[in-house]
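First up is the structure itself, then whatever we jot down about it.
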RNA sequence: GCGCUUGUAGCUCAGCAGGUAGAGCAAUCCCCUUUUAAGGGAUAGGUCACGCGUUCGAAUCGCGUCAAGCGCACCA
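Residue numbers (my numbering): 3 to 514.
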């Protein structure tokens, strides 16, 4: 039955295990059964019997199940790992019949097995299930990454038994994340935290009266951000479509509709751009919109949201990232973009009025802004070069140039600026928010400026979205809007150096 | 896209003034065991990423390709 599975190219370990499938079939055992009546998790038992003294036995019977991660003494002792933790299994011939002993011999590292037995604590102090019965639940045909024994690693093993199995090859970790998860406890922790962080964000927003909505991922035209889109094609409609680069314009349509005065969406966006430690082509954004508030309220909301999540997930607002300590305790610093630049460079761009003059000023401090098309772009460029790298602690940089903010409302007291801010943590943009532009006439003018830039070769510029303008023409309430890069927040809260460490299956080049 | 680094057994790595591969763990068999990095003995396992070249001879040198990591560029 396993015959056709045997190929010359197979590794010997895999061949041996496929042979075991045949041995199991001979015994009438299905290596891939349908269910198991698991009634306890490893960590529950560890907690429940934490006061059981070494050497003591009970008659309490449980069924546990998980992956065989360590085998000692020819199978007499097994470390069984489930999603909660580890428990030791003791299998002795006194307690098992010959058929069960025979099955035990066919169990390999990596198999999923269920054990039923009584609770005891060994003289050495390890909580253990004394097995009375065992059930193979899934045969593993491929070997696991194994313990390795450099001096350094031995110390790790001594420090924490859960790290005995290790996989460090980056390519395998990313392409075959399941192996990474099996082998590395800290990776399991990271993805559990990812889930918890997103759950807590939802809970927080819902508790504040926000309604979760969903908007299209397939757009007839790309919009809502300056980015290059992925293009795809719908066959039945015979039309090109664009994977969304931001949900913004659809969420604002919902604000026009008034389904709720507070809405949010947590979902993927796609940008056809480079890949590095902070960018993955598909990434998770949270965007929210709240009627009758402005960008000042969004600043407060941002810091309350992020600090609350940190507190709930990590138990502290002072986080460690690499060798840095970042204090997320609100309130966060707030600096105007012009002020932050002046503070750092001494140049007051509020007194610079033309693009050409701005370029001269930029040049005077060693920033080449020749490619910039307007005053705002120069300002942004200078900011990125001179200010951003030093912004480790959380800070809201506000009042962005109108030139580079086509969806934000003009500043109420300076028409060269908009009521827009970006929040920086560890030098990264983690939030982008504005008093949303609700004036359809102005929005059209902004789109037209974008369309002109696009015509002049700016591949990331927006085009005119007539349908969106039509929506605005029906009237949208004054609204504060906020976008947060969820992956980057997760990186910060899990101390992950690369965005790929917090995305289970990051985008990789095709390989065959 | 450019630069630097990397790609050797299932995993982690060694070998690289060129002589055709090694270790630990994992695996197989045996012994012994209430162990915890269990122990002891024996065995097996590799087109040294791929291709071309230099050479009597290449995992080791050269060129190219592929993949990965990091940095820069691009990009929020």
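By construction, the Cβ of each residue, glycine as well, lies at the ideal position given by its N, Cα and C atoms. On a predicted model such as this, the values are computed, not experimentally measured, just so you know.
Through-space distance from residue j to residue i, alpha-carbon basis
i: residue 242; j: residue 236; result: 6 Å
i: residue 271; j: residue 216; result: 12 Å
i: residue 292; j: residue 43; result: 43 Å
i: residue 333; j: residue 280; result: 26 Å
i: residue 452; j: residue 440; result: 17 Å
i: residue 495; j: residue 321; result: 7 Å
i: residue 68; j: residue 17; result: 24 Å
i: residue 102; j: residue 198; result: 40 Å
i: residue 45; j: residue 130; result: 12 Å
i: residue 77; j: residue 500; result: 39 Å
i: residue 59; j: residue 305; result: 52 Å
i: residue 100; j: residue 187; result: 35 Å
i: residue 194; j: residue 140; result: 24 Å
i: residue 367; j: residue 429; result: 20 Å
i: residue 444; j: residue 330; result: 36 Å
i: residue 81; j: residue 200; result: 32 Å
i: residue 359; j: residue 338; result: 20 Å
i: residue 398; j: residue 371; result: 24 Å
i: residue 162; j: residue 125; result: Low confidence applies to residue 162: its pLDDT is 42, below 50, so where it sits in the model is not reliable enough to give any reading.
i: residue 210; j: residue 294; result: 15 Å
i: residue 19; j: residue 96; result: 27 Å
Cβ shell of residue i (< 7 Å), same chain only, five flanking positions each side left out
i: residue 251; result: 225, 226, 467 and 470
i: residue 146; result: 111, 112, 167, 184 and 185
i: residue 202; result: 311, 314 and 315
8 Å Cβ shell around residue i - same chain, five flanking residues per side excluded
i: residue 234; result: 220, 242, 243, 244 and 245
Helix, strand or coil at residue i [DSSP, three-state]
i: residue 383; result: helix
i: residue 121; result: strand
i: residue 1; result: As shown, the chain starts at 3 and ends at 514. That puts residue 1 outside it, with no answer to give.
i: residue 215; result: coil
i: residue 271; result: strand
i: residue 427; result: strand
i: residue 301; result: helix
i: residue 403; result: strand
i: residue 310; result: helix
i: residue 389; result: helix
i: residue 71; result: strand
i: residue 66; result: strand
i: residue 418; result: strand
i: residue 469; result: helix
i: residue 29; result: coil
i: residue 107; result: helix
i: residue 116; result: strand
i: residue 412; result: strand
i: residue 138; result: strand
Beta-bridge pairing of residue i - partner residues as DSSP gives them
i: residue 359; result: Answer is none; residue 359 lacks a bridge partner.
i: residue 483; result: 291 and 436
i: residue 90; result: 81 and 130
i: residue 243; result: 234
i: residue 351; result: Paired residue(s): none; residue 351 is not in a bridge.
i: residue 397; result: 335 and 426
i: residue 315; result: Beta-bridge pairing links residue 315 to no other residue.
i: residue 264; result: 292
i: residue 281; result: 278
i: residue 221; result: 244
i: residue 286; result: 270
i: residue 323; result: 326
i: residue 461; result: None; residue 461 has no bridge partner.
Beta-carbon separation (whole angstroms), residue i vs residue j, contact threshold 8 Å
i: residue 388; j: residue 369; result: 7 Å
i: residue 117; j: residue 133; result: 5 Å
i: residue 408; j: residue 378; result: At roughly 10 Å, the Cβ-Cβ gap does not stay under 8 Å, so residue 408 and residue 378 are not in contact.
i: residue 247; j: residue 326; result: Actually they are not in contact, since the Cβ atoms of residue 247 and residue 326 sit about 31 Å apart, beyond 8 Å.
i: residue 432; j: residue 502; result: Residue 432 to residue 502, Cβ: 18 Å. No contact.
Contacts around residue i, its chain only, beta-carbon distance under 6 Å, and the 5 residues preceding and following it disregarded
i: residue 363; result: 349 and 354
i: residue 446; result: 471
i: residue 86; result: 43, 44 and 45
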